[in-house]
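Here is the structure we will look at.
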Amino acid sequence: MVEGYIPTSLSDALTELANHPYRLVAGGTDMLVQHHNLKTLPINFKQDVMYIANLSELQGIQEEEEFITIGACEPLESILEHPATPKLLKDTILEMASPAIRHAGTLGGNIANASPAGDSLVPLYLMNAMLEIQSKDRTRRVDIKEFITGVRKIALEPNEIITKIILDKIDFTKATFRKVGPRRSDAISKLSFAGAVTIQDNLVMDFRIAFGSVNITVVRHPEIECQFITKTVQELKQNKEHIVSLYREYIRPIDDQRSNKEYRKQVSLNLLRQFIDTI
Ligand SMILES: Cc1cc2nc3c(=O)[nH]c(=O)nc-3n(C[C@H](O)[C@H](O)[C@H](O)COP(=O)(O)OP(=O)(O)OC[C@H]3O[C@@H](n4cnc5c(N)ncnc54)[C@H](O)[C@@H]3O)c2cc1C
3 MVEGYIPTSL SDALTELANH PYRLVAGGTD MLVQHHNLKT LPINFKQDVM
53 YIANLSELQG IQEEEEFITI GACEPLESIL EHPATPKLLK DTILEMASPA
103 IRHAGTLGGN IANASPAGDS LVPLYLMNAM LEIQSKDRTR RVDIKEFITG
153 VRKIALEPNE IITKIILDKI DFTKATFRKV GPRRSDAISK LSFAGAVTIQ
203 DNLVMDFRIA FGSVNITVVR HPEIECQFIT KTVQELKQNK EHIVSLYREY
253 IRPIDDQRSN KEYRKQVSLN LLRQFIDTI
């Protein structure tokens, strides 16, 4: 029979995890869908589970001079309502699930689930999010793009927990998240797009582009972005079709029940064009 463990502190959780291979549950909104069993109740977990959403060390949002730190088990809805949350992340969370799911679902859960359609991953890649990860014996920090290694694959040891998400405070001139799904809410993305730009004295000082649901994980290429730093806004716009052509080879979507690859590719590149047009 599957056992459940509810730790009373992070230290208790990490000690228990060092001795026993538990499956972590935060809001449970991904886990319950993945392990639901139409024939029987309760849910058909294959491994003992540890419930971590109640741990105060994994909650809260702290604003420092240069960073914002979000607890991995902070519910999406609280992140949406917090004044320190970057607007780009708020705009993204507003497009995720429904308020009821957002009250339970967490940012840490969305990251660890590592779905190619995980919406928060797109702005988090764009903002170079760092993750703090703890085990009983060490704390490490890793860039989100090194943490997610493939479809539902992450670089997390069985004795580790994601504790925090750390974001640089960046004042973009313009930052946009666009999601294309079958309906406005409670819909998994067919594709998503985020763009951000910082303009000073008509010069492009920062230019970032990320696409979701069009490859095994988020598509972001800083080596393309940096080619347009210190160009004027007019030069950037004149290069629109060239920029689209540079991303074309990296947009490699699949056909599935939500959409087909031609549609995903065409609409993703159109969202890039629209973003450049509106700078
Ligand atoms: C109706 C519905 C609509 C949805 N709509 C969207 C949507 O629009 N966009 C979207 O991106 N997602 C959507 N989701 C998916 C889900 O709600 C989100 O991915 C949510 O953020 C998951 O968080 P959670 O806390 O519920 O994760 P859980 O289900 O608790 O966990 C998910 C995975 O993360 C691991 N995990 C959780 N926390 C940690 C941690 N701190 N450290 C290490 N591992 C951890 C778990 O072991 C598990 O493998 C939807 C789900 C439902 C049911």
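Sequential numbering from 3 applies to the sequence shown in our numbering.
The beta-carbon is built from N, C-alpha and C at its ideal position, and this holds for glycine as well.
All of these numbers come straight from a predicted model, not from anything done at the bench.
Check                                                                                                                           : Outcome
Where the beta strand (DSSP E) through K176 begins and ends                                                                     : K176 to V182
Sufficient close CB pairs (3 or more, under 8 Å) joining the region 154-174 to the region 10-23                                 : yes
C-alpha distance - C75 paired with Y53, whole-angstrom precision                                                                : 11 Å
Where T17 sits in the DSSP three-state scheme                                                                                   : helix
Contacts around L78, its chain only, beta-carbon distance under 7 Å, and the 5 residues preceding and following it disregarded  : I95, M98, R104, G107, T108 and L109
Limits of the alpha helix (DSSP H) - the one that E243 falls within                                                             : K242 to R250
Best match in I150, V4 and V199 for proximity to N115 [C-alpha to C-alpha]                                                      : I150
Contacts around G183, its chain only, beta-carbon distance under 7 Å, and the 5 residues preceding and following it disregarded : A189, I190, S191 and K192
Local Cβ density within 10 Å of A102, reported as buried at 16 or more and exposed below that                                   : exposed
Exposed unless 16 or more other CB atoms sit within 10 angstroms - verdict on A196                                              : buried
Whole-angstrom C-beta distance between I245 and I278, which should lie under 8 Å                                                : 7 Å
Beta-bridge pairing of A86 - partner residues as DSSP gives them                                                                : Per DSSP, none; premise fails for A86.
Residues that DSSP places opposite E134 in a beta bridge                                                                        : R143 and K166
heavy atom of ligand 1 below 7 Å from T108 C-beta                                                                               : yes
Beta-carbon contacts of V269 that lie in its chain and below 7 Å, excluding the five residues immediately before and after      : V182 and L193
Cβ-heavy atom distance, R143 to ligand 1, below 7 Å                                                                             : no
Contact test: S137 Cβ vs ligand 1 heavy atom, cutoff 7 Å                                                                        : no
Helix, strand or coil at P125 according to DSSP, with G and I counted as helix                                                  : helix
K233 versus L126: straight-line alpha-carbon distance, rounded                                                                  : 25 Å
Contact check, I201 vs V235, beta carbons under 8 Å                                                                             : yes
Minimum C-alpha distance to L133 - residue among I168, D139 and I156                                                            : I168
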